[in-house]
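Report on the structure given below.
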Amino acid sequence: MLILLMTTSLFLGLVCGAQYDYGAYDHNRDAFRPGRFPDGFIWSTATASYQIEGGWDADGKGESIWDRFSHTPGKVDRGDTGDVACDSYNKYREDVQLITGMGLRYYRFSLSWTRIFPDGTSTSGPNQAGVDYYNNLINELVRNGVTPMVTLYHWDLPQNVQDTYGGWVSEGVVQHYNDYATFAFQTFGDRVRYWLTFNEPWAVCYVGYGLGMHAPGIQDERNSTYLCAHNILKAHAGAWHTYDRNFRADQSGQVSITLNSDWAEPRDPDRAADVMAADRFLQFYLGWFANPIYSETGDYPAVMKETMLAKSQAEGLRESRLPQFTQEEVNFIRGTSDFFGLNHYTTRIIEDNVVVGAAPGYTNDRDVAQYTAPEWTRAQSQWLYEVPWGLRRLLNFIKLNYGDPEVLVTENGRSDGDVTPPVMQDRNRICYYITYIDEVLKAISEDGVKVRAYTAWSLMDNFEWARGYTERFGLHYVDFNDPNRPRTAKQSAGVYRDIVANNGFPEGADVTRLAGNMWRGCRGAAVTTSANIALLVLSFIMAGIYGLIKM
Ligand code: BGC
1168 MLILLMTTSL FLGLVCGAQY DYGAYDHNRD AFRPGRFPDG FIWSTATASY
1218 QIEGGWDADG KGESIWDRFS HTPGKVDRGD TGDVACDSYN KYREDVQLIT
1268 GMGLRYYRFS LSWTRIFPDG TSTSGPNQAG VDYYNNLINE LVRNGVTPMV
1318 TLYHWDLPQN VQDTYGGWVS EGVVQHYNDY ATFAFQTFGD RVRYWLTFNE
1368 PWAVCYVGYG LGMHAPGIQD ERNSTYLCAH NILKAHAGAW HTYDRNFRAD
1418 QSGQVSITLN SDWAEPRDPD RAADVMAADR FLQFYLGWFA NPIYSETGDY
1468 PAVMKETMLA KSQAEGLRES RLPQFTQEEV NFIRGTSDFF GLNHYTTRII
1518 EDNVVVGAAP GYTNDRDVAQ YTAPEWTRAQ SQWLYEVPWG LRRLLNFIKL
1568 NYGDPEVLVT ENGRSDGDVT PPVMQDRNRI CYYITYIDEV LKAISEDGVK
1618 VRAYTAWSLM DNFEWARGYT ERFGLHYVDF NDPNRPRTAK QSAGVYRDIV
1668 ANNGFPEGAD VTRLAGNMWR GCRGAAVTTS ANIALLVLSF IMAGIYGLIK
1718 M
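Start counting the sequence shown at 1168; every next residue gets the next number (the numbering used here).
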């Protein structure tokens, strides 16, 4: 009878996907923890040039790969483009008001390389109008007490550089990137405290040069993806050394890269193969870039080198498809960071999955299968499931594996759809922010992770890459049908402002009460608990009936 009961429960668990309780409310893991963030904690919000600026060919700006890509029919949903976007090229003063309206003293934005060097090279000198634009924006921020955090490369590579070199697959780009970075440090560095050399090289190289779903639309995850990463790592390190050598003494800013990663939870934590698979998934994701920069030994993660060599040999290749760094390059890249920049949105459940004969490329090279739990709420973005505790685990992974660095969370956020009427009382986004921010607090106060900053993505709705304007991540709503692109605060902007004003969730604050009251609904505690009870009762009944029949 007992065996029967257990089998039935297991069967139901498997069918309902609830075997390991990834989604069920777990009080120890998921309960709200009120408290304040450390003094001096940085609260910020972020955008990126192509996603907000518009003015795609204004005042001498050159064409970028995203201009070309979005102008190519079929590449972006509804044929949306960034031609006008939020029109921040003209409305940047209003943007600054939105930032100060939330009480923020930091703002992360990116420079458009082709607004400064229209063909990507410094040979014919900078485009003065582009330089003026960024000087105006930076001065406006500083005048309003906002410290700029500047990303040099948020995906909008000069089209000319793509055409001439094939883009990031070629080392030819590295010198041009360094010239551009040098110019930016020289021109804006007196007012910029934080620099990010690259935003999410994983997305650039996998989605842009592997899957081809982002610009430049190359579908070659077998080789281009890895070559792209190799050159971006060199370009990043070069820019960091340039700053370190020539600008740090005068400007005393900090330079790093922003890496993105999902958290990976083993499907069966008691099965060694799944535990190793989850780690492999993380090494191929975050470790691919973090290990060369942040680990003691430098270079790609050992598991990545071993897996790729074995796979390449099985394909009959003499050398690994994973490019190799010389020892000199390993030393050049290792340690090129002043903090750990992290973008995080979601989590995956990972199972070991070796598929023999699968098409070689980044996707299959990892030998994993990915799942999500049925209880996880999904945002509008098809990939974005809400799993707040994943962020805390990822922060701990970083602490453990990369020398306990100072971590700046440079993006975190949630999308709604482009619906009528628009979602202004954006309860789901509020849930997302309070639960994820609270996990950051737990990571700091309970686990001792040195998280120094939290950045909400995004200041306002904007061009969401291949999804165009169909997905809205903003704290502010933007009406893209109105030529004036008016911005209106969503409810989440007010809640974020209150969190910032209170430096978290101190006992007795209104925002703490609000978070406490919303918690149960946000984390689905009641729902999942009763669902689990129902499941258990059902399995007992079924086992009983089965037992009766048998007797
Ligand atoms: C990117 C942003 C993007 C956001 C939501 C991040 O990967 O840096 O540009 O809009 O995620 O997809």
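Every residue gets a Cβ at the ideal spot worked out from N, C-alpha and C, and that includes glycine.
In this structure N1294 is buried. Its beta-carbon is surrounded by 16 or more other beta-carbon atoms within 10 angstroms. With respect to F1506, L1575 sits close: the two C-beta atoms are nearer than 8 Å.
If you draw a 10 Å sphere on the C-beta of V1336, you find 16 or more other C-beta atoms in it, and that means buried.
E1638 sits in a strand when the DSSP states are folded into three classes.
In the DSSP assignment, Q1353 falls within the alpha helix (DSSP H) that extends over 1339-1355. Here V1340 is near N1398, since their CB atoms are less than 8 Å apart. In the structure shown, the three-state DSSP call for Q1295 is helix.
Leaving aside the five residues that flank I1601 on each side, the residues in its chain whose CB is nearer than 6 Å to its CB run, in chain order, A1682. With respect to V1522, N1531 sits close: the two C-beta atoms are nearer than 8 Å. Per the coordinates, the alpha-carbon of P1201 lies some 51 Å from the alpha-carbon of G1227. Note: N1366 is bridge-paired with T1425 in the DSSP secondary-structure output. Take Y1347, set aside five residues on each side of it, and the residues of its chain with a beta-carbon closer than 8 Å to its own are W1280, I1283, F1284, G1287, S1289, L1319, in chain order.
Per DSSP, V1574 is one residue of the beta strand (DSSP E) stretching across 1574-1578.
Shown here, P1201 sits in coil according to DSSP, grouped into three states, outside any helix or strand. Taking the Cα of A1668 as reference, the smallest distance to any Cα among S1659, V1678, D1357 is reached at V1678. Along the segment 1377-1448, the beta strand (DSSP E) occurs as fully enclosed runs of 3 or more residues at 1421-1427, 1430-1433, listed in sequence order. For Y1644, the three-state secondary structure derived from DSSP is strand.
Inter-residue distance for A1623 and T1577 is about 8 Å (C-alpha atoms, whole angstroms). Only residues of its own chain outside the window of five on either side were considered, and among them K1617 have a CB closer than 7 Å to the CB of D1571, listed in chain order. D1247 and I1219 have their C-alpha atoms some 13 Å from each other. Only residues of its own chain outside the window of five on either side were considered, and among them S1255, L1626 have a CB closer than 7 Å to the CB of D1262, listed in chain order. Shown here, Q1537 sits in a strand according to DSSP, grouped into three states. DSSP places Y1603 within a helical segment (H, G or I) once states are collapsed to three. In this structure V1359 is buried. Its beta-carbon is surrounded by 16 or more other beta-carbon atoms within 10 angstroms. DSSP, read as helix, strand or coil, puts M1316 in strand.
By the neighbour-count criterion, in which 16 or more other beta carbons inside 10 Å mark a residue as buried, A1620 falls on the buried side. Where V1618 is concerned, the enclosing beta strand (DSSP E) starts and stops at 1618-1624. Closest by C-alpha distance to Y1663, out of P1205, W1210, Y1187, is W1210. Residues of the same chain with a CB within less than 6 Å of the CB of C1689, apart from the 5 flanking positions on each side, are C1598, T1602 in chain order. Counting the other Cβ atoms within 10 Å of the Cβ of T1474 gives 16 or more, which makes it buried. From the listed residues G1312, E1230, Q1537, the smallest Cα separation to Q1264 is found for G1312.
In the structure shown, Y1361 adopts extended strand secondary structure according to DSSP, grouped into three states. Straight across, the Cα-Cα distance linking Y1529 with F1451 is about 9 Å. DSSP links F1564 through a beta bridge to no other residue. Counting every other CB atom within 10 Å of its CB across the protein chains shown gives G1675 a total below 16, marking it as exposed. Look at S1548: its beta carbon is less than 7 Å from one of the heavy atoms in the ligand BGC.
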